[in-house]
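Structure, as structure tokens:
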Amino acid sequence: MREKLSLLRYVLAGNPVTLLALVMLAVLLGCAVLGPSLVPYDPIATNTSVALQAPSAAHWFGTDQLGRDVFSRVVVAARLDLSIAFAAVLLSMAIGSVLGAAMGYFRGWLDTAASRATDVLMAFPLFVLAMAMVAALGNSVSSVVYATAVINLPFYIRLARAETSIRRDMGYIEAARVGGSGHARILRVFLLPNILPSLVVQASVNLGWAVLNTAGLSFIGLGVRAPTPEWGIMVAEGAQFIVSGRWWIAAFPGAALMLAVFCFNLLGDGLRDIVDPRSRT
Amino acid sequence: MAFLLRRLLGVVPTLFGVVVAAFVLTRLLPGDPAVFFANSVTADAATIEAVRQKLGLDLPLWQQFLIYTGQLLRGDLGNSIGSGQPVAVDLLRLLPASAELTLVAFALAVLVAVPLGIAAALRPGSIIDHACRLLSTAGVSLPTFVTGLLLIYIFYYQLGTAPEPIGRIDPFAIPPPAVTGFLLIDTLLAGDSEGFVAAARQIVLPAVTMALFALAPLARMTRASMLGVLGSEFIRTARANGLRRRKIIFSYALRNALLPIVTTLGMVFSNMLGANVLVERVFAWPGVGSYALDSLIALDYAPVQGFMLLMATIFVLVNLVIDLAYAVIDPRTGLFQHA
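Structure (structure tokens):
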């Protein structure tokens with residue numbers, strides 16, 4: 405543990421960008437947890453007397469067409485966007501890693517069938533697939549979670565399968581088998597913990613995609629619905645005011661979105677450096 | 116040739132899966148199409164039942180699927196309720212707009228990303244390298260719809276250099292006679308230089324938006340792959356033998372670094388097909404993405420199904436081309452011997 409911590413400190417010292425990403429993540433999580441109790445205005449209370457005001461001391465990010473405070477909405481939206489992303493990524497990591505590990509370990513018909521299914525999933529442009537799935541499952545937040553989980557699934561399945569395949573015939577697995585461990589125990593105790601680090605790196609990058617995906621879906625009117633504060637919806641609402649020069653309605657939620665995705669991407673890179681220093685690019 | 120055939124046959128199960136997935140997904144779509152076709156929500160039960168029988172919606176699902184595949188094989192994708200036209204006709208009419216946008220953006224991304232990646236790999240740690248890193252990290256974080264709006268704000272509202280984001284062509288302009296459906300080519304064929312400039316001005320912002328998004332993974336992969344190859348021993352030998360720098364970089368290093376770059380090209384292209392929907396929405400671009408989205412929101416499922424099949428088919432074909440490109444770039448991959 406001590407060794408890990410000193411390695412972490414060493415890596416962070418040589419890589420200030422990852423440190424920056426960690427700070428950004430802390431800010432984002434802070435907004436998500438404490439946001440609703442910190443913001444100065446009710447994010448859904450309308451007040452048309454102050455509609456469409458430019459950023460000022462009273463309204464840091466300005467107000468939208470219904471007089472809602474953009475700053476409060478951006479901060480409060482962090483909770484919804486991040487929870488959708490985390491839920492979707494956890495779901496697909498849990499299912500994908502177990503399925504992928506089982507495919508790589510047992511091979512046979514399970515592997516063939518599931519590989520084919522993964523190929524089919526990957527044959528669709530993923531955003532298009534997510535769009536159709538949300539429409540099919542019903543226009544709700546839980547559909548967005550399921551759709552995002554499904555489009556991320558192939559990455560975990562392939563990763564877990566590949567990582568298990570190269571380990572299944574290694575000495576220590578053989579030893580475990582000789583020692584009387586059953587398949588389930590080998591998978592759970594010896595294989596999954598070993599493939600976990602690369603899965604976590606993948607998860608970090610996928611969190612960024614999941615946030616983008618969620619916002620993209622609500623931007624086109626799928627999933628989260630107005631007046632719920634959500635970054636994608638806010639950008640969509642602000643889009644019509646861009647051509648008349650009222651940039652702040654779309655720009656601030658857009659910037660928040662960018663920041664979140666940027667943070668997860670940097671974090672993924674940083675984690676990859678720690679887990680697998682050889683693959684640094 | 117045998118390889119080609121085998122590879123083509125390998126596409127069949129995937130395409131079949133794609134058809135099944137598209138069928139199942141769109142059958143799950145909420146809303147009863149029979150009610151729509153009966154043209155009234157208040158139509159009485161008997162009318163709806165009659166329409167349902169006419170559409171074959173009362174049959175068991177597997178029979179519906181057989182009928183559907185039969186129609187597909189005849190090139191019949193069903194009819195759109197919104198436009199009243201066969202979906203295949205609509206898609207063919209709108210595809211050039213999307214294809215033009217995607218291809219221009221793709222070309223732009225490749226033309227910027229590959230030289231940038233090579234330059235960054237040649238001088239690691241230099242300003243170009245940092246610029247490349249910044250661009251590739253920022254690029255993946257930029258949601259296309261936000262970049263698009265940002266560009267509109269800067270270039271249309273602030274600077275006034277870009278035209279209003281209202282599609283491919285000024286609504287009052289006369290479109291050139293359609294030959295290829297690509298406005299940039301059609302205007303040139305018609306000798307209409309003014310029209311060409313107008314079309315080019317319309318396409319610049321959406322294409323840049325998409326290219327920015329596609330640039331990042333491409334530049335990153337080019338840099339990583341070139342860096343790996345440039346560090347290898349045969350490059351050192353080539354250098355020691357006094358070969359010209361240009362020759363080393365382009366015919367020795369780049370050729371060997373090309374394989375992962377081409378793989379990324381395929382991935383980027385697929386992502387662009389998905390991003391199309393968002394970019395077309397922001398710029399009111401009249402392509403297949405907008406068409407599918409409008410249909411999706413109107414619960415008109417035949418166009419959505421057609422769109423998904425079209426996208427998946429294009430993607431499967433792109434992958435096929437990439438596999439063939441592998442074999443051309445690197446004969447050692449041995450694809451021509453065994454699939």
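Same order as they appear, the protein sequences are chains A and P. Here the first sequence stands for residues 405 to 685, numbered as in this note's numbering. Here the second sequence stands for residues 116 to 454, numbered as in this note's numbering. C-beta atoms are modelled at their ideal positions from N, C-alpha and C, and glycine is treated no differently.
- For chain A, the residues of the stretch 240-258 of chain P that bring a beta carbon within less than 8 Å of one of its beta carbons are Thr252, Ala253, Val255, Ser256, Leu257 and Pro258, in chain order.
- Remark: C-beta atoms of Leu675/A and Ser608/A approach each other more closely than 7 Å.
- For the options Thr618/A, Val502/A and Arg572/A, the alpha carbon positioned closest to that of Ile561/A is the one of Val502/A.
- Between the alpha carbons of Gln644/A and Asp301/P lies a gap of roughly 31 Å.
- Neighbours of Met341/P in chain A, taken as residues whose beta carbon is under 7 Å from its own, are absent, since the nearest beta carbon is some 11 Å off.
- The beta carbons of Val229/P and Thr324/P sit no closer together than 7 Å.
- With three or more CB-CB distances shorter than 8 Å, the stretch 310-325 of chain P counts as touching the stretch 387-401 of chain P.
- Our two residues, Ala305/P and Pro292/P, have alpha carbons roughly 7 Å apart in a direct line.
- In terms of beta-carbon proximity, Thr378/P stays away from the interface with chain A, with every pair separated by 7 Å or more.
- Using a CB distance cut-off of 7 Å, Asn669/A counts as an interface residue toward chain P.
- At a cut-off of 7 Å between beta-carbon atoms, Ile624/A makes contact with chain P.
- Per DSSP, the continuous alpha helix (DSSP H) segment holding Glu395/P begins and ends at Arg370 to Val397.
- When C-beta atoms of the stretch 413-431 of chain A are compared with those of the stretch 455-475 of chain A, fewer than three pairs fall below 8 Å, so the two segments do not count as touching.
- One Cα belongs to Gly310/P, the other to Thr295/P, and the distance between them is close to 15 Å.
- Contact with chain A is found for Ser385/P, since one of that chain's Cβ atoms lies less than 7 Å from the residue's Cβ.
- Residues of chain P with a Cβ closer than 7 Å to the Cβ of Ile590/A do not exist; the shortest Cβ-Cβ separation is about 31 Å.
- Residues of chain A whose Cβ lies closer than 7 Å to the Cβ of Ala427/P are, in chain order, Ala527 and Phe528.
- Secondary structure note for Pro321/P: its alpha helix (DSSP H) is the uninterrupted segment Ser308 to Leu345.
- Linking Leu494/A to Pro278/P through their CA atoms gives a straight-line distance of about 44 Å.
- In the structure shown, the three-state DSSP call for Thr632/A is coil.
- Among the residues of the stretch 644-665 of chain A, those with a Cβ less than 9 Å away from any Cβ of chain P are Ile646, Val647, Ser648, Gly649, Trp651, Ala654, Ala655, Pro657, Gly658, Ala659, Leu661, Met662, Leu663, Ala664 and Val665, in the order of the chain.
- Contacts with chain A (Cβ-Cβ distance below 9 Å) from the stretch 391-421 of chain P involve Asn391, Val392, Leu393, Arg396, Val397, Gly404, Ala407, Leu408, Leu411, Ile412, Leu414, Tyr416, Val419 and Gln420, listed in chain order.
- For Leu393/P against Ile429/P, the beta-carbon gap comes to about 18 Å, at or over 8 Å, which does not count as contact.
- For the stretch 565-592 of chain A, the beta-carbon criterion of a distance under 9 Å to any beta-carbon of chain P is satisfied by none of its residues.
- Within the stretch 250-298 of chain P, the runs of alpha helix (DSSP H) that reach at least 4 residues and sit entirely inside it are, in chain order, 259-266.
- Contact of Leu616/A with chain P is assigned, a C-beta pair being separated by under 7 Å.
- A distance of 7 Å or more separates the beta carbons of Pro558/A and Thr516/A.
- For a Cβ distance threshold of 7 Å, nothing in chain P lies close to Ala489/A: the least Cβ distance comes to about 13 Å.
- Cβ-Cβ distances below 8 Å link Asn543/A to Leu626, Gly627 and Arg629 in the same chain, with the five nearest sequence neighbours on each side left out; the list follows chain order.
- Restricting attention to Ile448/A, Leu409/A and Arg477/A, the CA atom closest to the CA of Ala436/A is found in Arg477/A.
- Of the candidates Ala619/A, Val532/A, Gln606/A and Asp673/A, the residue whose Cα lies closest to the Cα of Ile488/A is Ala619/A.
- Straight-line spacing of the CA atoms in Leu257/P and Phe328/P works out to 7 Å.
- For Pro239/P, the three-state secondary structure derived from DSSP is coil.
- Of the residues Val524/A, Ala518/A, Tyr414/A and Phe490/A, the one whose Cα lies closest to the Cα of Thr129/P is Val524/A.
- The Cβ atoms of Leu369/P and Ala540/A lie no closer than 7 Å to each other.
- Rounded to the nearest whole angstrom, the C-alpha separation of Ile412/P and Lys362/P is 55 Å.
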